[in-house]
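Sequential numbering from 68 applies to the sequence shown in the numbering used here. Backbone N, C-alpha and C fix where the C-beta goes; we use that ideal spot for every residue, glycine too. Everything below concerns the one structure shown next.
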Amino acid sequence: MRMLRLFAGLAMLAVFCAPAAALDRGAIGRLASGDADEQRQALDALVADNDVSALPFLQDLLADRVKIGADTTIIVDGDHGLDPLERAPVALPSDLEDVSTSNSLRLAIEESIAALELLSPDPALRLEAVKRLQNAELDEARLALIAKAESHERDSAVRDGLRQMRALSELQSGDRAMRLAAAKALRASVSGRVREALKARLASEEDGEIRVALTRSLRNVESSLAIGENLGIVFSGVSLASILLLAALGLAVTYGLMGVINMAHGEMMMIGAYATYVAQNCFRAYLPDHFQWYLAAAAPVAFVVAALIGVVIERMVIRFLYGRALETLLATWGVSLILMQTVRTMFGAQNVQVENPAWMSGRVFVMENLQLPYNRIVIIAFSLAVLALVSFLLARTRLGLFVRAVTQNRTMAKCVGVDSSRIDTIAFALGSGIAGLAGVALSQVGNVGPDLGQHYIVDSFMVVVLGGVGQLAGAVYAALGLGVAGKIFENLAGAVLAEIALLVFLIVFIQKRPQGLFALGGRQAD
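In structure tokens:
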């Protein structure tokens, strides 16, 4: 008898503690065909009862797969019908109509789905639900669900997000102790929304102790946000520096070796970007299953195409103008105009769309105000890889030995049998090919158009001149310095004034140190 009473008590406890299944035919009918108040009440009931079994129906409702007939509600999945409660196949009537969902209802459905997903066993799904609920208006039912989820949460990121949501709501409570606890709980938050909420509460709060807690929390939040903003500026500067480095590497090779001011260098980048566009379209048309890897083919194609065009320019134009800087500058400027017009004729004057592969889409969330895009991270890594390959080529190969010999002393290199004319052609092709790789990177972060290269040619020359002619290490330091400094000045004074400030700095620097950061020594200086 005692055992029977124990089992009966446990059964009664299970019945009272188990959440009620609020999703029934009546709730489905109210959500599908009720008025706005009935729909909202039905959603609140589902959240209040923690009915996670309602998630599939709510997701179908949000995706416009729920249809209503004269006396039925059906989920339409292609040519098949499903019963919304039992999820069993049913026949499709001929009189089905769409469910009318207003923007406010869709927002309420999204919030209800996020609230119910807080009970999911998947930590990533729970964290995503917390992010979606950050700006939601929390009623009593949702606050109760958040409190329950927080009490059972084991993942620190999810628990912190839940605590922040609850504290933000309790910050407006009429209970003094609750407001004080909320003000202290928000001290470790890193959120612009928390900062604004603390400011608003501080402006209306009269209690001295709570005001002190609010002030301390506000100071901590602002300090954390400032760190995130500064780190974001530095990352943007490093990202810009990686692009400047790619753009300047090829120019450092050609300018350092031959002393040629190649105004068509920017158009080599443009050609690399358009080669990426063509490779993308070819993969989309002929290899759609492998489209996500089109960049692996685009990089070598862009290098080869730009290098071949560089060979043609060197053989047909530059070879006859060595030693005449002004004529070379004007001739390469004319070549750049020819290349831009050729691209306009082939692809049109409008920008073309180059799509990021799926693995380069998205971003890393470091802090609320510090998000690192995948495409920028990949470009930084790509720039370092190209720099390593160029450094190895120039320092560890026979071709690199010849290039360095011609750079240091062309006459003596000829005397020992180096074909300087051939080395000039190869070096110009190498510089043009590296510019083509820069175009591949640029296609992933900006517009691809005929005038793409014109935006980077001046900055490329600034990097080369500041770093020192023919010095790869100088190009690296100059690109990093100009990139980070440019972003800092841009954040302080705007893009135009930042560009002017950098130009003035470069002019003053060159007046004091015309050889750049890294001067050539010995015979290299002759």
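Check	Outcome
Three-state secondary structure (DSSP) of Asp150	coil
Touch test, the region 457 to 475 against the region 302 to 311, Cβ-Cβ under 8 Å, three pairs minimum	no
Beta-carbon proximity of Ser179 to Leu125, cut-off 8 Å	yes
Pairwise C-alpha distance: Ile574 and Thr412	38 Å
Other residues of its chain near Val388: CB distance less than 7 Å, five sequence neighbours each side excluded	Note that residue 388 is Leu in the sequence shown here, rather than Val. Closer than 7 Å at the Cβ level, and outside the excluded window around Leu388, lie Glu394, Thr395 and Ala398.
Under the three-state DSSP convention, the category Asp242 falls into	coil
Three-state secondary structure (DSSP) of Lys579	helix
Whole-angstrom distance between Ala392 and Gly553, CA atom to CA atom	30 Å
Contact check, Met42 vs Asp486, beta carbons under 8 Å	Because residue 42 is not part of the residues shown, which for the chain are 68 to 593, the question remains open.
7 Å CB neighbourhood of Ala545 in its chain, flanking five on each side removed	Val530, Leu533, Gly534 and Leu584
Cutoff 7 Å; reference Ala416; Cβ partners in own chain excluding five residues on either side	Pro517
Every unbroken alpha helix (DSSP H) inside the region 355 to 407 [4 residues or more]	361 to 383
Reduced DSSP secondary structure (H/G/I, E/B, other) of Phe432	strand
C-alpha gap between Leu253 and Glu177, whole angstroms	26 Å
Boundaries of the beta strand (DSSP E) in which Asp144 is found, first to last residue	Thr140 to Asp144
Distance, Ala366 Cα to Val445 Cα	13 Å
Beta carbon of Gln511 nearer than 8 Å to that of Val421	yes
Local Cβ density within 10 Å of Leu98, reported as buried at 16 or more and exposed below that	buried
Sequence-distant residues of its chain with Cβ nearer than 7 Å to Tyr341 (five each side left out)	Val410, Phe414 and Val515
DSSP state of Val82 mapped onto helix, strand, coil	A caution first: Val82 carries a pLDDT of 33, below 50, which makes its placement in the model too unreliable to give a value.
Which listed residue (Val166, Gly390 and Ser187) has its alpha carbon closest to that of Ser120	Ser187
Burial state of Asp491, where buried means 16 or more other Cβ atoms lie within 10 Å	buried
Endpoints, alpha helix (DSSP H) assigned at Val133	Not the alpha helix (DSSP H): Val133 falls in the beta strand (DSSP E), residues Val133 to Ile135.
Residues of its chain near Asp526, where Cβ-Cβ distance is below 6 Å and the 5 sequence neighbours each way are ignored	Leu311
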